[in-house]
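Chemist:
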Amino acid sequence: MPKPGVGFFSLCPVLLISCLFPAGIGQVHPPVASLTLEQQGNANTVPGKQTNAASLSYPELVDITASTGINFEHFSSPEQKFIVESMSGGVALIDYDRDGWPDIYFTNAQSVEMALHGQKARSALYHNNHDGTFTDVTEKAGVGYPCWAMGASVGDYNNDGWPDLLVTCFGGVVLYRNNGDGTFTDVTQEAGLSGDHMWATGAAFGDYDGDGWADLFVSHYLDFHLDDMAAFGSSDSCRYMGIDVQCGPRGLKGSPDNLYHNNRDGTFTDVSKKSGVGDEEHRYGLTAIWLDFQNSGKLDLFVTNDGQPNYLYQGDGRGSFEDVSFPSGVGLSESGARQANMGIAWSDYTHTGRMSLLISHFDNEYAAFYRNDGGMSFTDVSVPSGIGRGTRGYVGWGDAFVDFNNDGWQDIFIVNGHVYPQVDEMGSGLKYLEPKLLFLNQRNGTFKDISKLAGAAIQIPQVSRGMAIGDLFNDGKLEAVVENLKGQPMILRPEGGPENHWISFQLEGVKSNRLALNARVRATAGDLVQLGEVISGGSYLSQSDLRIHFGLGDHQRVDKAEVLWPDGKVETLTNLIADRFYYVREGAGVVSSNPPETGKAKQSGLSRGTNDDVSVKSP
Ligand SMILES: [Ca+2]
Ligand SMILES: [Ca+2]
Ligand SMILES: [Ca+2]
Ligand SMILES: [Ca+2]
Numbered sequence: 234m235p236k237p238g239v240g241f242f243s244l245c246p247v248l249l250i251s252c253l254f255p256a257g258i259g260q261v262h263p264p265v266a267s268l269t270l271e272q273q274g275n276a277n278t279v280p281g282k283q284t285n286a287a288s289l290s291y292p293e294l295v296d297i298t299a300s301t302g303i304n305f306e307h308f309s310s311p312e313q314k315f316i317v318e319s320m321s322g323g324v325a326l327i328d329y330d331r332d333g334w335p336d337i338y339f340t341n342a343q344s345v346e347m348a349l350h351g352q353k354a355r356s357a358l359y360h361n362n363h364d365g366t367f368t369d370v371t372e373k374a375g376v377g378y379p380c381w382a383m384g385a386s387v388g389d390y391n392n393d394g395w396p397d398l399l400v401t402c403f404g405g406v407v408l409y410r411n412n413g414d415g416t417f418t419d420v421t422q423e424a425g426l427s428g429d430h431m432w433a434t435g436a437a438f439g440d441y442d443g444d445g446w447a448d449l450f451v452s453h454y455l456d457f458h459l460d461d462m463a464a465f466g467s468s469d470s471c472r473y474m475g476i477d478v479q480c481g482p483r484g485l486k487g488s489p490d491n492l493y494h495n496n497r498d499g500t501f502t503d504v505s506k507k508s509g510v511g512d513e514e515h516r517y518g519l520t521a522i523w524l525d526f527q528n529s530g531k532l533d534l535f536v537t538n539d540g541q542p543n544y545l546y547q548g549d550g551r552g553s554f555e556d557v558s559f560p561s562g563v564g565l566s567e568s569g570a571r572q573a574n575m576g577i578a579w580s581d582y583t584h585t586g587r588m589s590l591l592i593s594h595f596d597n598e599y600a601a602f603y604r605n606d607g608g609m610s611f612t613d614v615s616v617p618s619g620i621g622r623g624t625r626g627y628v629g630w631g632d633a634f635v636d637f638n639n640d641g642w643q644d645i646f647i648v649n650g651h652v653y654p655q656v657d658e659m660g661s662g663l664k665y666l667e668p669k670l671l672f673l674n675q676r677n678g679t680f681k682d683i684s685k686l687a688g689a690a691i692q693i694p695q696v697s698r699g700m701a702i703g704d705l706f707n708d709g710k711l712e713a714v715v716e717n718l719k720g721q722p723m724i725l726r727p728e729g730g731p732e733n734h735w736i737s738f739q740l741e742g743v744k745s746n747r748l749a750l751n752a753r754v755r756a757t758a759g760d761l762v763q764l765g766e767v768i769s770g771g772s773y774l775s776q777s778d779l780r781i782h783f784g785l786g787d788h789q790r791v792d793k794a795e796v797l798w799p800d801g802k803v804e805t806l807t808n809l810i811a812d813r814f815y816y817v818r819e820g821a822g823v824v825s826s827n828p829p830e831t832g833k834a835k836q837s838g839l840s841r842g843t844n845d846d847v848s849v850k851s852p
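Following this note's numbering, the numbering of the sequence shown begins with 234 at its first residue and continues without gaps.
1. What are the uninterrupted segments assigned as alpha helix (DSSP H) that are 4 or more residues long and contained completely in the stretch 765-840, given in chain order?
2. From the DSSP secondary-structure annotation, give me the bridge partner or partners of W523.
3. So, at 6 Å on beta carbons, what are the nonlocal neighbours of E598 in its own chain, with the 5 sequence-adjacent residues on each side left out?
4. Closer than 7 Å to a non-hydrogen atom of ligand 3 - does that hold for the CB of N304?
5. At which residues does the beta strand (DSSP E) containing F559 begin and terminate?
6. Quick one: using the 10 Å Cβ neighbour count with 16 as the cut-off for buried, is N304 buried or exposed?
7. What residue range does the alpha helix (DSSP H) around S300 cover?
8. Please output, in chain order, the residues near ligand 1 using a CB cut-off of less than 6 Å to any non-hydrogen atom of the ligand.
9. Excluding five sequence neighbours on each side, which residues of the same chain lie with their C-beta closer than 6 Å to the C-beta of V614?
10. Closer than 7 Å to a non-hydrogen atom of ligand 4 - does that hold for the CB of D444?
11. Quick check on the DSSP output: the beta strand (DSSP E) that includes E741 runs from which residue to which?
12. If you draw a straight line from the alpha carbon of Q643 to that of K507, how long is it in whole angstroms?
13. Mind the definition here: the stretch 485-501 touches the stretch 449-463 only if three or more C-beta pairs lie below 8 Å; say whether that holds.
14. For ligand 3, is there a heavy atom less than 7 Å away from the beta-carbon of N543?
15. Go ahead and pull the three-state DSSP assignment for L671.
16. Ends of the alpha helix (DSSP H) at L349?
17. Using 8 Å for Cβ pairs, my map puts P292 next to G730. What's the rounded Cβ distance?
18. Is D440 near ligand 3, going by C-beta to nearest heavy atom under 7 Å?
19. Compute the Euclidean distance between the alpha carbons of D442 and N746, then round it to the nearest angstrom.
20. Return yes when at least one heavy atom of ligand 4 lies under 7 Å from the C-beta of Q643, else no.
21. Please state whether the Cβ-Cβ distance between S684 and L663 is less than 8 Å.
22. Mark G484 as exposed unless 16 or more other C-beta atoms lie within 10 angstroms of its C-beta, in which case mark it buried.
23. Once the 5 residues before and after R818 are set aside, which same chain residues still bring their CB inside 6 Å of it?
24. Just to confirm, is the Cβ distance from G509 to Y546 under 8 Å?
25. Out of L408, A756 and Q479, state which residue places its alpha-carbon closest to the alpha-carbon of D792.
26. Between E555 and the rest of its own chain, which residues show a CB-CB distance below 6 Å, the 5 nearest in sequence each way excluded?
27. Let me confirm a value: I577 is counted as buried when at least 16 other C-beta atoms fall within 10 Å, else exposed. Which label applies?
28. With distances taken from CA atoms, which of S769, T583 and D460 is nearest L779?
29. Taking 7 Å as the line, does the beta carbon of N391 fall inside it for any heavy atom of ligand 3?
30. In the stretch 428-498, which residue ranges form an unbroken beta strand (DSSP E) of at least 3 residues, counting only runs that do not cross its ends?
31. So A633 is in the beta strand (DSSP E); what residue range does that whole segment cover?
32. Where do the ends of the alpha helix (DSSP H) carrying A374 lie?
33. Just verifying my parser: in three-state terms, what is the DSSP assignment at P722?
34. Look at the alpha carbon of Q527 and the alpha carbon of M431, and state the distance between them as a whole number of angstroms.
35. Could you pull the start and end residues of the alpha helix (DSSP H) that R698 belongs to?
36. Suppose the cutoff is 6 Å on Cβ atoms and the five residues either side in sequence are ignored; what does the same chain contact list for G425 look like?
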């Protein structure tokens with residue numbers, strides 16, 4: 234708990250200002266005082282690793298949804314009588330028109346009642362207008378009614394440079410080819426993906442065999458059919474703490490997963506069986522990501538399973554995978570429990586050069602935090618990291634490591650919301666609507682719960698599901714786009730806080746897959762060494778900005794940025810001035826570098842360096 238007068242109570246003036254003047258881009262903002270967190274002289278802090286007072290201030294996360302012009306609304310039935318009504322709501326950031334500004338796609342899902350009456354739910358694509366507002370371009374784009382939509386992820390399946398959109402559905406997947414003119418074409422059938430007809434949830438593109446073309450993994454949840462649904466409260470698996478609730482997933486049949494190899498001609502071949510990632514156990518799959526967990530140059534695949542052990546498949550780089558979930562330590566909790574694994578966040582949060590995993594969970598559990606110790610071995614650090622205590626009692630979904638304060642250390646953001654509206658009547662303290670959680674990276678492997686110290690917006694209870702992180706306004710500050718199951722999304726923007734430096738990289742593969750999925754950047758600024766990776770999918774059924782963003786603290790330049798291309802080649806860029814966007818093409822180094830748009834930079838008070846020299850070394 235924050236000390237009275239130091240933590241929560243010092244927020245009052247800030248909150249008051251926020252209430253009186255809802256802030257947003259393109260409006261005149263009242264000055265927002267930065268929030269000074271209490272000094273960290275607690276038992277968790279390693280002596281000599283104390284951070285200075287300046288870096289302890291944190292921005293307020295302000296709800297700017299109203300000022301963006303986004304008026305999307307996700308359908309939800311009031312009683313949530315069936316599990317198929319509870320799981321939708323992924324959000325994808327996709328710069329579909331390649332103007333350098335992230336656009337936003339929200340998935341939508343009808344209720345069972347609506348479906349039985351032939352009614353559909355409209356998903357929506359919003360174009361980023363570069364001025365803090367967005368325009369609904371769904372009709373022109375032709376992406377409004379893909380299916381009973383769950384989540385979405387981004388990949389460039391035909392390697393033409395235009396990012397394509399994959400929507401997962403209750404009933405398969407829909408692949409939208411980006412035509413490059415603001416329109417999309419549903420190519421599911423011609424791509425050979427229409428045989429996927431089960432309840433698809435997670436989807437992730439990744440070039441597992443290194444041929445330069447992104448392959449596609451799709452996880453599936455339940456073997457569930459509208460004409461054969463177990464009735465609300467009808468058995469033991471449809472009761473929660475003594476009250477009647479929707480049935481499942483416990484007690485229901487699961488559905489296998491699929492891996493599709495990209496044939497480089499616009500089609501895919503189902504290789505689920507021979508690859509070893511087909512989920513013969515039929516677990517309740519949710520989110521998936523591709524990532525090289527042992528830095529071996531070969532892609533591995535991680536899949537969360539709801540109420541069942543996760544899958545970690547170690548890849549051999551040629552298309553065979555070995556399930557190493559149990560020996561690696563990420564299948565179960567430390568105590569051997571099967572947990573309700575949902576969203577996936579990844580980060581080199583300790584700056585050791587290894588990507589660790591954080592998985593969101595159900596209310597009677599806590600978020601599982603698996604530290605990557607190298608050699609495909611992970612340690613469950615949920616409790617010692619401080620995350621366990623802070624996440625118990627919430628049902629977590631979208632999660633991400635994100636450096637909202639640009640100090641070079643990634644913090645943790647988790648969005649929550651219960652599954653059963655009925656918990657409100659239980660009097661147990663559980664609520665259907667839940668606040669969001671924010672944890673500050675204390676730079677020593679532990680995190681501090683600052684959920685109540687970053688403004689009023691994230692304390693507003695909602696029923697959240699998907700969440701994506703990106704620099705929506707190209708000013709070096711990372712926003713969070715939260716999709717709620719019930720009602721409107723919430724877009725959160727950091728305001729105030731320290732004026733730290735940052736740098737952003739957009740990578741383009743030439744020999745590697747064009748979107749540079751799973752390429753990495755290792756950025757060195759003085760003694761600050763960070764690792765970022767381009768990832769398709771993740772969080773909860775969502776897609777974050779494909780650009781790699783690093784906060785730099787007070788470093789005004791990056792001394793060395795090593796671009797680690799998927800084929801193992803390393804391209805080294807030196808002496809990069811901070812507070813800029815670098816576009817890097819494989820083999821060609823930096824092809825452009827841009828400061829934030831002038832007006833925006835001025836408005837947000839970003840300081841910019843003056844030295845322009847950039848030297849590029851290619852291998
Ligand atoms: Ca755009
Ligand atoms: Ca494409
Ligand atoms: Ca491939
Ligand atoms: Ca940070």
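Just so it is clear, CB atoms sit at the ideal spot from N, CA and C, and this is done for glycine as well.
Modeler: The structure says:
1. 831-836
2. Beta-bridge pairing links W523 to L534.
3. Q572
4. no
5. Looking at the DSSP string, F559 is not in any beta strand (DSSP E); the run it does join, the alpha helix (DSSP H), is S558 to S561.
6. So N304 counts as exposed.
7. T298 to T301
8. D328, D330, D332, W334, D336 and N361
9. F602 and R604
10. No, Cβ of D444 sits at least 7 Å from all heavy atoms of ligand 4.
11. H734 to E741
12. 38 Å
13. yes
14. For ligand 3, not one heavy atom lies less than 7 Å from the Cβ of N543.
15. strand
16. V345 to L349
17. 3 Å
18. Taking the Cβ of D440 as the reference point, at least one heavy atom of ligand 3 falls within a distance shorter than 7 Å.
19. 11 Å
20. yes
21. no
22. exposed
23. E741 and V824
24. For the pair G509 and Y546, the CB atoms are nearer than the 8 Å cut-off.
25. A756
26. Q547
27. buried
28. S769
29. no
30. 433-439, 448-453 and 491-495
31. In the DSSP annotation of this structure, the continuous segment of the beta strand (DSSP E) that includes A633 starts and ends at G629 to V635.
32. Counting along the chain, A374 sits inside the alpha helix (DSSP H) bounded by residues T371 to A374.
33. In this structure, P722 counts as coil in the three-state DSSP scheme.
34. 32 Å
35. Following the DSSP letters along the chain, one finds R698 in no alpha helix (DSSP H) but inside the beta strand (DSSP E) bounded by residues S697 to G703.
36. T500 and F501
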